[in-house]
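Working notes for the structure below.
Residue numbers (this note's numbering), protein chains in the order written: chain A, 1 to 475; chain B, 476 to 693.
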């Protein structure tokens, strides 16, 4: 029978199938961070259980960590206690930990691919909803709660119901100035933040095939913002080239890699495989996207305006009114008239080297607008090192921005990087929920290039027009 | 973790009239720094529930005296969207809710579930029942709650019914996955169940490639 990419991976991880359809699914990689793991480790201790395969779990610290140069001193005692707990648990249970100060530290979804922990054909989980990022490699990767973290640690399996499949085909080619971020925001705008609930998304089509791994990760990362626990892209030459491009200590090497690639080549969805749902989007028609509300489905083209209360399919007028009240916006305002206090370039969505290059290309030789603050937070210590090697840090600081150390930072503001009440931000992150970046803070989600141009102008601009008027060098 | 078996109960319904209530609203980030599993109830819906001076906001629906001690949360579609934080379920339950009711949308292939996937799943692991009713049914219950604040309902998982104690009483049946139902009714410990299959896991591992190189470079 013809199979989808998802089917092929799921089927080779089934340990048992129980009555009622629950599957005991084997888990190949487990990523761990400090926020969602302490209660799981504590549960193991209380029940006297061991970690079954410690070599398949990998831990780092990202959510709480300060991003300032004095970060080794964590001033928040509660954050510090959580980080210390991770260190203790990893030591006692023999799990690799890339903690603060380690050259491999970074946002968990950025270091996985960097270190070769993420490769095609796997099942991969983490107590974090953006685990969907790793699906860019053609792996089944999804976020889990803390009880499931404990279950994976103890058994290296999860009890799961088989999700349904949903193929999103992006036909045509992206137009200049638009990015993977615009593709995924456009999709969420169409199907809504619950449109993918219960499904695994598979992204395909010409516009996906031509994307780099970094851009593919941006798309898969935000699958959860469409409600889907996982998003996947079939592995191809771009995937294998990424794995071979740099030293990736946990990826298969030499003959093992050849053997692995031979297997990975078999993973694409069969031409006649059936999906439970399909959708085709013409990528050439996608414009740069900007969110205007308090969930990622509240999004429009940069050329658009803040909608009226009755003009948003899938949202009630009351929800739209509530969102606009929170955002301090009124119907009819042009997106390009929205002025910004802070620009945040970072997060597991858009803090890889390619994202920083995109932003730096816009900012090179320019200055951040008066009264606008620019915060650039690389996704990992390695991204930071590579960016500095290329001189990107200098471009950001010369423009008047702050160049920070790696962590989740202002994406969710668990560390000191937060918006103040009423402060308005353009952010390359993934969630524009109320209070997400700081209580009372107002978030507009955009691509790194859109964020950088907004930093220069102090308000949103249509990057396509702006690039025509301003000379932008590709980095 | 062994759960309390889910028992039929009668409790007050508290309304939270908004769709897409995300986990950042259910339990804001600053409370995720705790390394404990308890103590989250008082921070549930923190930013909506309290005024800047820390007093309960009298305008917030859960702060109405009539719904004090509520055990059933009534809300709109896509509740619990956003992050995977199980703290959201812990907060809902530690506040006192045993059941959350929300509407699904559409039918068949176009059906959009009432709850976000990870939240619903985390609920099962902790003994929280998430009930999906139709939009019309949920609307009717919202109206009943508005007319008689503090109105109670009986939630019967065994018979898959929510009975609203208005006069006359109204009963709504709901669908639940048989595995989930069994899990909740018996209060099962998933890890203990799975460990019974340890030999199957070992046999699986013996023939399964994980494509991991270099198993222990520290």
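In this text, a Cβ means the ideal position worked out from N, Cα and C, and glycines have one as well. From a predicted model like this one, the values you see are computed outputs, not experimental measurements.
Query, Result
"Contacts around residue 484/A, its chain only, beta-carbon distance under 8 Å, and the 5 residues preceding and following it disregarded", "Residue 484/A cannot be examined here, being either before or after the span of chain A that is shown, 1 to 475."
"Identity of the residue in 674/B, 520/B, 607/B and 530/B nearest residue 565/B by Cα", "520/B"
"Selected residue, minimal CA-CA separation from residue 111/A, among 98/A, 122/A and 375/A", "98/A"
"Cutoff 8 Å: residue 482/A Cβ touching any chain B Cβ", "The requested residue 482/A does not occur in the structure, where chain A is confined to residues 1 to 475."
"Anticipated Cβ contact below 8 Å, residue 44/A with residue 148/A, distance rounded", "The pair is not a contact, with the Cβ atoms about 13 Å apart (cut-off 8 Å)."
"Contact belief for residue 122/A with residue 133/A at Cβ below 8 Å, rounded distance in angstroms", "Residue 122/A to residue 133/A, Cβ: 13 Å. No contact."
"is_contact[residue 670/B, chain A] using C-beta, thresh 8 Å", "yes"
"Assigned exposure category for residue 181/A - 16 Cβ within 10 Å defines buried", "buried"
"Whether residue 537/B touches residue 489/B by CB criterion (8 Å)", "yes"
"Cβ contact (3+ pairs, closer than 8 Å) linking the region 477-484 of chain B and the region 601-609 of chain B", "yes"
"Rounded distance between the beta-carbons of residue 685/B and residue 56/A, thought under 8 Å", "7 Å"
"Cut-off 7 Å between Cβ atoms - residues of its own chain near residue 308/A, not counting five sequence neighbours on either side", "331"
"Neighbour-count burial assignment, residue 8/A, 16 or more Cβ in a 10 Å radius", "buried"
"Host alpha helix (DSSP H) of residue 239/A (start-end)", "237-245"
"Alpha-carbon spacing of residue 165/A relative to residue 584/B, whole angstroms", "11 Å"
"Per-residue contacts from residue 476/B into chain A (C-beta, under 9 Å)", "43, 46, 47, 147 and 150"
"Three-state secondary structure (DSSP) of residue 1/A", "coil"
"Chain B contacts made by the region 15-26 of chain A, where a contact means CB separation under 9 Å", "15, 16, 18, 19, 20, 21, 22, 24 and 26"
"CB contact below 8 Å: residue 303/A versus chain B", "no"
"Distance between beta carbons of residue 236/A and residue 209/A, contact taken as under 8 Å", "7 Å"
"Residue 587/B vs residue 194/A beta-carbon contact at 8 Å", "yes"
"Outcome for residue 360/A when other beta-carbon atoms lying within 10 angstroms are tallied against a minimum of 16", "buried"
"Under the three-state DSSP convention, the category residue 77/A falls into", "helix"
"Where residue 588/B meets chain A, residues with beta-carbon distance less than 9 Å", "194, 197, 198 and 227"
"Residue 205/A beta carbon less than 8 Å from that of residue 171/A", "yes"
"Pair within 8 Å by beta-carbon distance, residue 201/A and residue 231/A", "yes"
"Coil, strand or helix - residue 61/A by DSSP", "coil"
"Cross-chain neighbours of residue 601/B in chain A, by beta carbon under 9 Å", "145 and 147"
"Closer than 8 Å to chain A by CB, residue 693/B", "With a pLDDT of 46 at residue 693/B, under the threshold of 50, the modelled position of this residue cannot be trusted, and the question is left open."
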